[in-house]
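Novice: Start counting the sequence shown at -1; every next residue gets the next number (our numbering).
Just so it is clear, CB atoms sit at the ideal spot from N, CA and C, and this is done for glycine as well.
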Amino acid sequence: PIGRRSLSPSIIIGIAVGCSVLIFILVGVGIYAIRQKKRAERATLQSRPF
């Protein structure tokens, strides 16, 4: 097609790496949140023995 511009390989690699890092960060935040929730539940149970 006339006038069609394709992305250069370096831009594609940059986008792929950026998305991978973003996914990695989101997974890490999710794991951290789950651990904090479990820790808070355990602390609540220990402070209320009945």
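Can you tell me where the alpha helix (DSSP H) with residue 43 in it begins and where it stops?
Specialist: Counting along the chain, the alpha helix (DSSP H) containing residue 43 begins and ends at 7 to 45.
Novice: Rounded to whole angstroms, what's the CA-CA distance from residue 39 to residue 13? Just pull it up for me.
Specialist: Spanning the two alpha carbons is a distance of roughly 39 Å.
Novice: Between residue 29 and chain B, is there a C-beta pair that is closer than 7 Å?
Specialist: The chain labelled as chain B is not found in the depicted structure, where only one protein chain is given.
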